[in-house]
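**Student:**
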């Protein structure tokens, strides 16, 4: 009798927990997105409709896949169809201010310059920084990019002396030397291959940036700290590979 009662109590507790989780999931994945969409639509802010669980991630992936094969005209500065093709598709449809969804996470796109200025120049704290992807938080750390309020002021006070004008002027010679070194490497490659060589500028300028930072901040060079920068680049790749995925709490532990 006692064992039966205990089993019944355990089953009831498990059912209560499951019911609570189910209710929370319905609120988070169904009711809340509909309520937010309805409230913003009443204020004149539309957008692509919310899709259960994934939001607009499927559309964004499809647009980015279509834009991946587009070659940018070198005489054009219109890079938006390649970098953010979904914004190029949605702005003509929904206006310069609209709502879209990363999973069940609402996002507002602002393409109105005056509104962007208002948000970025605000000092009241009503526009907090909100980066929900844990991989980006680990990559960037709790520095100036992600902090607000008093914590942001403290970080700014710490890093400000390193970036005043006098310090930056002292770094120009190092920057110039690093640039000359890179140009010398290019000239050596040209001479070795008969005056015709293909250079991947994106990667080379990443290396130049790393070399300048290494010399000015740490007194070393890119070659000496190459493994650190390669590891950081791999972390960046892993973080960006999760950018268009829905973050499920605890799900990442199932891979181990």
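Residue numbers (mature numbering (1 follows the signal peptide of the UniProt record, and there is no 0)): -15 to -1, 1 to 241. Every residue, glycine too, gets a C-beta built ideally from N, C-alpha and C.
What's the call for residue 86, buried or exposed, on a 16-neighbour Cβ count within 10 Å?
**Tutor:** In the chain shown, residue 86 corresponds to position 101, counting from 1. By the 10 Å Cβ count, residue 86 comes out buried.
**Student:** If I follow the unbroken alpha helix (DSSP H) through residue 171, where does it start and stop?
**Tutor:** The residue labelled residue 171 in the question sits at position 186 within the chain shown. 150 to 177 is the extent of the alpha helix (DSSP H) around residue 171.
**Student:** Please state whether the Cβ-Cβ distance between residue 83 and residue 31 is less than 7 angstroms.
**Tutor:** Along the chain shown, read from residue 1 onward, the residue named residue 83 stands at position 98. Along the chain shown, read from residue 1 onward, the residue named residue 31 stands at position 46. Residue 83 is a Cβ neighbour of residue 31, given a cutoff of 7 angstroms.
**Student:** Name the one or two DSSP bridge partners that residue 90 has.
**Tutor:** Here the question's residue 90 lines up with position 105 in the chain shown. Note: residue 90 sits in a beta bridge opposite 87.
**Student:** Between the C-alpha atoms of residue 161 and residue 167, what's the straight-line distance to the nearest angstrom?
**Tutor:** As a position in the chain shown, residue 161 is number 176, starting the count at 1. As a position in the chain shown, residue 167 is number 182, starting the count at 1. C-alpha separation (whole angstroms): 10 angstroms.
**Student:** Go through its chain and collect everything with a Cβ distance to residue 205's Cβ below 6 angstroms, but skip five positions before and after it.
**Tutor:** Taking the first residue of the chain shown as position 1, residue 205 is located at position 220. Counting only Cβ-Cβ distances below 6 angstroms, and skipping sequence neighbours, we find 199.
**Student:** Rounded to a whole number of angstroms, what is the C-alpha to C-alpha distance between residue 157 and residue 170?
**Tutor:** Taking the first residue of the chain shown as 1, we reach residue 157 at position 172. Taking the first residue of the chain shown as 1, we reach residue 170 at position 185. Looking at the two C-alpha atoms, the distance is approximately 20 angstroms.
**Student:** How many whole angstroms separate the CB atoms of residue 89 and residue 43, which I take to be in contact at a CB cut-off of 8 angstroms?
**Tutor:** Reading the chain shown from its first residue, position 104 is the one you call residue 89. Reading the chain shown from its first residue, position 58 is the one you call residue 43. Wrong, their Cβ atoms sit about 14 angstroms apart, outside the cutoff.
**Student:** What are the start and end residues of the alpha helix (DSSP H) that includes residue 196?
**Tutor:** Working through the chain shown from its first residue, we reach residue 196 at position 211. Unbroken alpha helix (DSSP H) run through residue 196: 186 to 198.
**Student:** With respect to the alpha helix (DSSP H) encompassing residue 31, which residues constitute its N-terminal and C-terminal limits?
**Tutor:** In the chain shown, residue 31 corresponds to position 46, counting from 1. Unbroken run through residue 31: none, as it is neither H nor E.
**Student:** Can you list, in chain order, the residues of its chain whose CB lies under 7 angstroms from that of residue 179, leaving out five sequence neighbours each side?
**Tutor:** Against the chain shown, residue 179 aligns to sequence position 194. Around residue 179: no qualifying Cβ.
**Student:** CB-CB under 7 angstroms to residue 116, same chain, minus the five flanking residues each way: which ones, in chain order?
**Tutor:** Along the chain shown, read from residue 1 onward, the residue named residue 116 stands at position 131. The answer, listed in chain order, is 122, 131.
**Student:** Select from 147, 113, 81 the residue whose C-alpha is nearest the C-alpha of residue 99.
**Tutor:** The residue you call residue 99 lines up with position 114 of the chain shown. Distances from the alpha-carbon of residue 99 to those of 147, 113, 81 put 81 closest.
**Student:** Just to confirm, are residue 220 and residue 124 a CB contact at a threshold of 7 angstroms?
**Tutor:** Mapped onto the chain shown, residue 220 falls at position 235. Mapped onto the chain shown, residue 124 falls at position 139. If you check the CB distance, residue 220 and residue 124 come in under 7 angstroms.
**Student:** Identify the continuous alpha helix (DSSP H) that holds residue 219 and give its terminal residues.
**Tutor:** Along the chain shown, read from residue 1 onward, the residue named residue 219 stands at position 234. First-last of the alpha helix (DSSP H) with residue 219: 211 to 226.
**Student:** DSSP three-state call for residue 52: helix, strand or coil?
**Tutor:** As a first step, residue 52 is located in the chain shown; it is residue number 67 there, counting from the start. DSSP places residue 52 in helix when its eight states are reduced to three.
**Student:** Once the 5 residues before and after residue 187 are set aside, which same chain residues still bring their CB inside 7 angstroms of it?
**Tutor:** Taking the chain shown and counting its residues from 1, one reaches residue 187 at position 202. Cβ within range, chain order: n/a, list empty.
**Student:** Using a Cβ-Cβ cut-off of 8 angstroms (strictly less than) and excluding sequence neighbours within five positions of residue 104, which residues of its own chain qualify?
**Tutor:** In the chain shown, counting from the first residue as 1, residue 104 sits at position 119. Taking C-beta separations shorter than 8 angstroms and ignoring five residues to either side along the sequence, the partners of residue 104 in its chain run 95, 112, following chain order.
**Student:** Tell me which residues share the same chain as residue 196 and place their Cβ nearer than 7 angstroms to its Cβ, disregarding the 5 neighbours each side in the sequence.
**Tutor:** As a first step, residue 196 must be located in the chain shown, where it is residue number 211. Same-chain partners within the cutoff: 163, 206, 207.
**Student:** So, helix, strand or coil for residue 80, using DSSP?
**Tutor:** Position 95 of the chain shown, counted from the first residue, corresponds to residue 80. Of the three classes helix, strand and coil, the one that applies to residue 80 here is coil, per DSSP.
**Student:** To which residues does DSSP link residue 95 through a beta bridge?
**Tutor:** Within the chain shown, residue 95 is the residue found at index 110, counting from 1. Answer is 82, bridged to residue 95.
**Student:** Out of curiosity, what's the CA-to-CA distance linking residue 58 and residue 52?
**Tutor:** Position 73 of the chain shown, counted from the first residue, corresponds to residue 58. Position 67 of the chain shown, counted from the first residue, corresponds to residue 52. Rounded to whole angstroms, residue 58 to residue 52 spans 13 angstroms at the Cα level.
**Student:** Is it right to say residue 18 is buried, meaning 16 or more other beta carbons lie within 10 angstroms of its own, or is it exposed?
**Tutor:** Numbered from its first residue, the chain shown carries residue 18 at position 33. Classification of residue 18: buried, given that the 10 Å Cβ count is 16 or more.
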